[in-house]
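*Asks:* Take a look at this one; I'll ask things after.
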């Protein structure tokens, strides 16, 4: 018999979960010896030797972008509000044509000059350590709550299996502490190679679980007609305030919010440091171009995943915390052993992106704060040592965040992270195509976007919070509710353009551009392009 959350421990599901967790732990530590190079550098530890081929990169990017938070939160949003939660599907469709235009250029210039982070590129392109620092700090700030949310995903699974929830605080959080310690250990020893290998296991499990869920659960619930009817009934039933709780189709009032959130999220996704880290680890421009054409397969999976929110409604799942809706659906509908497989998919789906995110944040600190401002003569070995230590500190910070703050706070801070990271778009993507923007104008635009976005989000209340209660607010001059990040981005670009015109007219001093036009189309094998590092032992094909 399947046990409900916190009524007891689901031993079978827990056993299957532990089996997969131990398997990926072994894989994580074995990754340290996979195509390892003789030297110890950030290229090696933080970018996997820049040697990943098409399939490794595809799994790595998929494991990086489609996280435990995606698995739990997207259908939870559909469960709570209806069609508004589907905004994640169009934004992942929009993002791939967008990145096809600029990621190959970033790969080329980064490999030509040995750039490890976006801030490295911004500093080299605009000759501005100040602008580089702004991009680095923004990346670290935006990444921290994102890592915390991966731990929230693991915690949700543990709660439903009956080994979280109430009780002695140490025993309650012990499983999460163990998961954290394992993650920290193999990331420290193996660097980016660990999540690259584990991503194969994670994505395979997720695809299996989604395919089974989308066929098996509707059969048990009487088909999609009954599922959508149950969802419509729930959303049309007034709440205590006399208003509907959601809608199968967004109403007129929600269309601007839906569109701006989808567009803003698409622009922001590949500004995150972990997305760029996974990209720069690939071995050629063509790997990136091929990946932008096959990654939309994950968008198909995401659309099916979102439907689980409606299935949870039809199955009668009742949870106080919406983030538990999908784990509870799996617990209620699947046999215990397959529920364990589903929980393992979510748990491992947290480990892969958390590892990549901590590496990316650590690389930003090491290259663009430690080396640029604290120790300019740092050797590659010292850089790697600092990055390893900082990756641990980042994960500790995320763990403290999860254990001490309300989970809704973590979710809303991740929304704030999206608003922040979008403000680096003009410097990064603009810099890949033109040198016209002035470095001081970009810095001023960034500051205006960050200030407006933070203050606007601070003023948004929710039923549980007075501040930072959401990411949508009235758009100045239009009178419609829209995504704060996109409004801040438009202000950012406007300030950047106006100040660039003024500074160019005043002939303000420009920074030195260390790149040249041909750098942006260079590929592996071209003169001066840093290709993969030679492995210490002969080995494996891509």
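In our numbering, the protein residues as written are 252 to 793.
Beta carbons: idealized from backbone N, C-alpha and C, even for Gly.
These numbers come from a predicted model, not from an experiment.
#1: Any chance the stretch 457-473 sits against the stretch 578-597, with 3 or more Cβ pairs inside 8 Å?
#2: If you draw a straight line from the C-alpha of residue 274 to the C-alpha of residue 427, how long is it?
#3: Looking only at DSSP bridge pairs, what is residue 333 linked to?
#4: Pull up the DSSP beta-bridge partners for residue 725, would you.
#5: Go through its chain and collect everything with a Cβ distance to residue 584's Cβ below 7 Å, but skip five positions before and after it.
#6: Tell me which residue opens and which closes the alpha helix (DSSP H) that residue 572 is part of.
#7: Straight-line CA distance for residue 785 to residue 676?
#8: Determine, using beta-carbon pairs with one atom in the stretch 678-694 and one in the stretch 747-763, whether at least three such pairs fall under 8 Å.
#9: Evaluate the contact criterion for the stretch 555-574 versus the stretch 365-376: three or more CB pairs, one atom per stretch, below 8 Å.
#10: Would you mind giving the Cβ-Cβ distance between residue 293 and residue 769, rounded to the nearest angstrom? I have them listed as a contact below 8 Å.
#11: What are the start and end residues of the alpha helix (DSSP H) that includes residue 653?
#12: From which residue to which residue does the alpha helix (DSSP H) around residue 261 run?
#13: Find the nearest neighbour of residue 736 within the set 744, 704, 725, judged by alpha-carbon distance.
#14: What residue range does the alpha helix (DSSP H) around residue 697 cover?
#15: Compute the distance between the beta-carbons of residue 739 and residue 700, then report whether it is under 7 Å.
#16: Would you report the Cα separation of residue 742 and residue 724, rounded to the nearest angstrom?
#17: My output table needs one value for residue 302: the three-state DSSP class, helix, strand or coil.
#18: Between which residues of its own chain and residue 332 is the CB-CB distance below 7 Å, once the five residues before and five after are set aside?
#19: Which partner residues of residue 489 appear in the DSSP bridge assignment?
#20: In angstroms with no decimal places, state the Cα-to-Cα distance between residue 529 and residue 550.
#21: For a minimum of 4 consecutive residues, which ranges assigned as the alpha helix (DSSP H) are wholly contained in the stretch 436-493?
#22: Closer than 6 Å by C-beta to residue 726: which residues in its own chain qualify, once you throw out the five before and the five after it? Chain order, please.
#23: By DSSP's criteria, residue 533 is part of a beta bridge. Which residues make up the other side?
#24: According to the neighbour-count rule (16 or more other Cβ atoms, all chains shown, within 10 Å of its Cβ), is residue 719 buried or exposed?
#25: Mind checking whether residue 561 and residue 450 have CB atoms under 7 Å apart?
#26: Is residue 325 closer than 7 Å to residue 582 when the C-beta atoms are compared?
#27: In angstroms with no decimal places, state the Cα-to-Cα distance between residue 254 and residue 261.
#28: When the Cα atoms are used, what is the spatial distance from residue 439 to residue 696?
#29: Would DSSP call residue 278 helix, strand or coil?
#30: Does DSSP put residue 765 in a helix, in a strand, or in coil?
#31: Give me the Cα-Cα distance between residue 486 and residue 499, rounded to the nearest whole angstrom.
#32: What do you reckon, are the CB atoms on residue 396 and residue 668 nearer than 7 Å?
#33: Checking 7 Å against the spacing of the C-beta atoms, do residue 521 and residue 350 come in under that value?
#34: Assuming residue 619 is part of the alpha helix (DSSP H), what are its boundary residues?
#35: With three or more C-beta pairs closer than 8 Å as the rule, is the stretch 629-647 touching the stretch 606-613?
*Replies:* Short version:
#1: yes
#2: The sequence position of residue 274 within the chain shown is 23, counting from 1. The sequence position of residue 427 within the chain shown is 176, counting from 1. The alpha-carbon atoms of residue 274 and residue 427 are separated by roughly 17 Å.
#3: For the purposes of this step, residue 333 is taken as the residue at position 82 of the chain shown. In the DSSP output, where bridge partners are listed per residue, residue 333 has 498.
#4: Mapped onto the chain shown, residue 725 falls at position 474. DSSP lists 732 as the bridge partner or partners of residue 725.
#5: Your numbering for residue 584 matches position 333 in the chain shown. Residues 468, 471, 566 of the same chain have their beta carbon placed closer than 7 Å to that of residue 584, with the five preceding and five following residues left out of the count.
#6: Position 321 of the chain shown, counted from the first residue, corresponds to residue 572. Run containing residue 572: none; DSSP gives neither H nor E here.
#7: As a working mapping, residue 785 is identified with position 534 in the chain shown. As a working mapping, residue 676 is identified with position 425 in the chain shown. With a pLDDT of 42 at residue 785, under the threshold of 50, the modelled position of this residue cannot be trusted; read the value that follows with caution. One C-alpha to the other measures close to 34 Å.
#8: yes
#9: no
#10: Position 42 of the chain shown, counted from the start, is the residue given in the question as residue 293. Position 518 of the chain shown, counted from the start, is the residue given in the question as residue 769. Not confirmed; about 25 Å, so no contact.
#11: The sequence position of residue 653 within the chain shown is 402, counting from 1. That run of the alpha helix (DSSP H) goes 631-655.
#12: Counted from its first residue, the chain shown places residue 261 at position 10. Note, residue 261: premise wrong, no alpha helix (DSSP H); not H, not E.
#13: What you label residue 736 is simply residue 485 of the chain shown in a count that begins at 1. Comparing Cα positions, the closest option is 704.
#14: Here the question's residue 697 lines up with position 446 in the chain shown. Looking at the DSSP string, the run of the alpha helix (DSSP H) that includes residue 697 is 690-709.
#15: For the purposes of this step, residue 739 is taken as residue 488 along the chain shown, with counting starting at 1. For the purposes of this step, residue 700 is taken as residue 449 along the chain shown, with counting starting at 1. Yes, the Cβ-Cβ distance between residue 739 and residue 700 is below 7 Å.
#16: For this step, residue 742 is matched to residue 491 along the chain shown. For this step, residue 724 is matched to residue 473 along the chain shown. Approximately 15 Å between the Cα atoms of the pair.
#17: In the chain shown, residue 302 corresponds to position 51, counting from 1. In the three-state reduction of the DSSP assignment, residue 302 falls in the coil class, being assigned neither a helical nor a strand state.
#18: Taking the first residue of the chain shown as position 1, residue 332 is located at position 81. Excluding sequence neighbours, residue 332 sits near 497.
#19: Counting from 1 along the chain shown, the entry for residue 489 is found at position 238. In DSSP, residue 489 forms a bridge with 495.
#20: Looking up residue 529 in the chain shown gives position 278. Looking up residue 550 in the chain shown gives position 299. Distance between the alpha carbons of residue 529 and residue 550: 18 Å.
#21: 444-472, 475-487
#22: In the chain shown, residue 726 corresponds to position 475, counting from 1. These residues qualify, in order along the chain: 733, 738.
#23: Residue 533 sits at position 282 when you count from the first residue of the chain shown. Note: residue 533 sits in a beta bridge opposite 303.
#24: Position 468 of the chain shown, counting from 1, holds the residue named residue 719. Residue 719 should be labelled buried.
#25: Your numbering for residue 561 matches position 310 in the chain shown. Your numbering for residue 450 matches position 199 in the chain shown. Taking 7 Å as the Cβ cut-off, residue 561 and residue 450 do not qualify as a contacting pair.
#26: Position 331 of the chain shown, counted from the first residue, corresponds to residue 582. Position 74 of the chain shown, counted from the first residue, corresponds to residue 325. No. Outside cutoff.
#27: In the chain shown, residue 254 corresponds to position 3, counting from 1. In the chain shown, residue 261 corresponds to position 10, counting from 1. The predicted position of residue 254 is uncertain, since its pLDDT is 37 and thus under 50; a value taken from the coordinates is nonetheless stated next. One C-alpha to the other measures close to 6 Å.
#28: Taking the first residue of the chain shown as position 1, residue 439 is located at position 188. Taking the first residue of the chain shown as position 1, residue 696 is located at position 445. C-alpha separation (whole angstroms): 36 Å.
#29: Taking the chain shown and counting its residues from 1, the one referred to as residue 278 is at position 27. Three-state DSSP puts residue 278 in a helix.
#30: Along the chain shown, read from residue 1 onward, the residue named residue 765 stands at position 514. Coil.
#31: On the chain shown, position 235 is the one that residue 486 refers to. On the chain shown, position 248 is the one that residue 499 refers to. Distance between the alpha carbons of residue 486 and residue 499: 7 Å.
#32: For the purposes of this step, residue 396 is taken as residue 145 along the chain shown, with counting starting at 1. For the purposes of this step, residue 668 is taken as residue 417 along the chain shown, with counting starting at 1. Yes, they are a contact pair.
#33: In the chain shown, the residue the question calls residue 521 occupies position 270. In the chain shown, the residue the question calls residue 350 occupies position 99. Cβ atoms of residue 521 and residue 350: closer than 7 Å.
#34: For this step, residue 619 is matched to residue 368 along the chain shown. Neither: residue 619 is in no alpha helix (DSSP H) and is coded neither H nor E.
#35: yes
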